[in-house]
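Below you'll find the structure, written out as C-alpha cells, and then a few comments.
2 protein chains.
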Amino acid sequence: MRITKSDVIQTAADIADKNGLSNVSLKAVAESLNIRTPSLYNHIDSLEALLREIAHNGMKTMNERMMQAAIGKIGDDAIKSVGITYLNYMIEHPGIYETIQWATWHGTEETGKIFDNYLSLLKTLALSCNFNPVNIDEILNLLTGVLHGYTTLQLRYAFTKPDEVRTALSSALDTVLAGIHQKYDQHEKEHL
Amino acid sequence: MRITKSDVIQTAADIADKNGLSNVSLKAVAESLNIRTPSLYNHIDSLEALLREIAHNGMKTMNERMMQAAIGKIGDDAIKSVGITYLNYMIEHPGIYETIQWATWHGTEETGKIFDNYLSLLKTLALSCNFNPVNIDEILNLLTGVLHGYTTLQLRYAFTKPDEVRTALSSALDTVLAGIHQKYDQHEKEHL
DNA sequence: TTATTTTAACTAATGTAATTAGTAAAGTCA
DNA sequence: TGACTTTACTAATTACATTAGTTAAAATAA
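Chains F and Z are the protein sequences, given in the same order.
Heads up, the first sequence stops at 208 in this note's numbering, and the numbers go up one at a time, no gaps.
Heads up, the second sequence stops at 208 in this note's numbering, and the numbers go up one at a time, no gaps.
The following block contains the structure:
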C-alpha cells in the first residue's frame with residue numbers, strides 16, 4: 017500500500033517502455049499506482065526530475081549489465097560483448113532508452129557522472145586491446161559513437177529481427193575495430 | 017502581415033535553436049509571430065505535426081547541403097565531406113537536430129522517405145569507393161551509424177571547439193573507412 | 001507502551017498550454 | 001459586384017503539472 021520512490025520510477029519506466037516517453041505523465045503514473053497525482057510529489061520533485069531518474073536508473077542498469085558481460089573477456093571480444101549487451105538493453109527497454117536520449121539534452125552533472133562510468137568501462141577494455149594509450153580518447157569517441165549511432169538507427173529492425181541485428185552489430189564492430197587496429201596498434205617490435 | 021505556413025515552421029525552428037525543443041510551444045510561436053495561439057491552426061494540424069514539419073524541413077535542408085558538398089568528389093573524400101557538412105548543420109541548428117532525433121521516435125512515412133533520400137546519397141558515394149556492391153547495405157548502416165552517433169555525442173564540445181571536433185570527425189571517418197576498405201574492397205586482380 | 005515526529009496520502013485550488021467552435025474581416029476570383 | 005476562401009479573432013473546454021494546506025498512518029524514541 018505504501019509507495020516508494022523506486023516504485024514511482026519503475027512504474028514510469030514501464031509506461032515509457034509500453035507506450036513511449038510522450039505518454040509518461042504524472043497523471044498516468046499516479047493512476048498506475050492507484051494514488052492521486054499530487055501524492056507523487058512526496059517522492060519526486062517534478063515530471064522533468066522523474067524523467068531524469070528513469071534515465072539515470074536505466075543508464076546504471078546498463079552499466080552493470082555491460083560490466084557483467086565483460087567479465088572474463090579482453091580485447092575485441094570484450095568490446096563486442098559489451099556492444100551486444102547495449103543493444104539487447106535497448107531492445108528490451110526502448111522507452112527507457114528514449115528517455116536516456118532525452119537526458120542527453122536535459123541532463124545534469126549526475127547524468128554526466130553515470131556516463132563517465134560507462135566511458136571508464138570502455139576505456140579499460142580498449143586498453144586491453146593494446147592500442148597506443150596516447151590515442152585512447154580518440155578511440156573511445158569512435159567506439160561510443162558507433163555503438164550509440166548504430167544501435168539507434170537499427171532499433172526499428174531489432175524488434176522484428178533481433179538476431180540479424182545482433183549479428184550485424186557484431187560484424188560492424190569487427191569492421192571498426194579492424195580500422196582502429198590498423199591505425200592505432202602498438203608496434204612492440206622496437207624492443208626486439 | 018499575413019502569415020504563411022513556412023513562416024510558422026521557420027519561427028518554431030528558430031525557437032528550437034535558441035531555447036531548445038522543450039520550449040517550442042504554440043503559445044511561444046504565436047507570440048513570436050504576433051498572432052493568437054488558435055490562429056496557428058490555420059496553418060498546422062497540431063503541435064506534434066508542427067514539430068514533425070520542423071524535422072522534415074531540417075532533414076531536407078541537410079540533404080541539399082550534403083549533396084552540394086559531394087559535388088565534384090568521390091570515394092572517401094566525398095564521404096568525409098558529407099560528414100563534415102552533417103556536423104556543421106548540427107552545430108548551426110542544434111534545436112532542429114534535436115527535433116530530428118525526436119522525429120526518429122515520432123516520425124511518419126514522410127520522415128522515412130526523407131531519410132531514404134539521405135541513404136540514397138550515401139549509397140551513391142559508397143559505391144564510388146569501389147566497395148563490393150554485395151555488402152553495400154552493411155557498409156551504409158555502419159557509415160550512417162558512425163555519423164549519427166559520433167556527431168551526437170560530440171555536439172556538446174562542438175560549440176566551443178568546432179574545429180577540433182571537425183578534425184576529429186574526419187579522422188574518425190578515416191579510421192572507419194580503413195576498416196571498411198580492408199574488409200570490403202573489390203579485388204580486381206582476378207581480371208589480370 | 002505511549003508520545004512524538006515523520007511520511008505519505010488526501011482534497012482543493014491555481015496556472016499554463018493545447019485544442020475546438022464559432023465568427024468576422026480581408027483577399028481572390030467569377 | 002457578389003460568392004468563396006483564407007486567416008485572423010474571441011470564447012470556451014480540456015488536460016495536466018504544480019502548490020498549499022490538511023490528516024491519518026507508520027516509524028521512532030522515550
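Note that the Cβ used here is the ideal one computed from N, Cα and C, for glycine as well.
- When 7 Å is used as the limit between beta carbons, H164(Z) is near these residues of chain F: G165, T168 and L169, in chain order.
- Burial state of K96(F) is buried, judged by a 10 Å Cβ sphere holding 16 or more other Cβ atoms.
- Pairing I155(F) with A32(F) gives a Cβ-Cβ distance that is not under 7 Å.
- Residues of the region 120-142 of chain F whose Cβ lies closer than 8 Å to any Cβ of chain Z, in chain order: T120, W121 and H122.
- I130(F) sits buried, since 16 or more C-beta atoms from the chains shown fall within 10 Å of its C-beta.
- Chain-ordered, the chain F residues with CB closer than 7 Å to the CB of I196(Z) read T191.
- Taking the CA atoms as reference points, E114(F) sits about 8 Å from G36(F).
- Judged by beta-carbon spacing, G123(Z) lies beyond the 7 Å limit of L169(F), meaning their Cβ atoms are not closer than that value.
- Per DSSP, reduced to three states, the secondary structure at F175(Z) is coil, with no helix or strand assignment.
- For the region 25-40 of chain F, the set of residues with a beta-carbon nearer than 8 Å to any beta-carbon of chain Z comprises G36, L37 and S38, in chain order.
- Counting along the chain, the unbroken alpha helix (DSSP H) around D92(F) starts and ends at G91 to E108.
- Burial is judged here by how many other beta carbons sit within 10 angstroms of a residue's own beta carbon; R68(F) has at least 16 and is buried.
- The Cβ atoms of V192(F) and V192(Z) lie closer than 7 Å to each other.
- With contacts defined by Cβ atoms closer than 7 Å, A119(F) and V98(F) do not form a contacting pair.
- For M82(Z), same chain residues with a beta-carbon under 8 Å away, outside a window of 5 residues either side, are V98, T101, Y102, Y134 and L137 in chain order.
- In this structure, L63(F) keeps its C-beta atom at 7 Å or more from the C-beta atom of I19(F).
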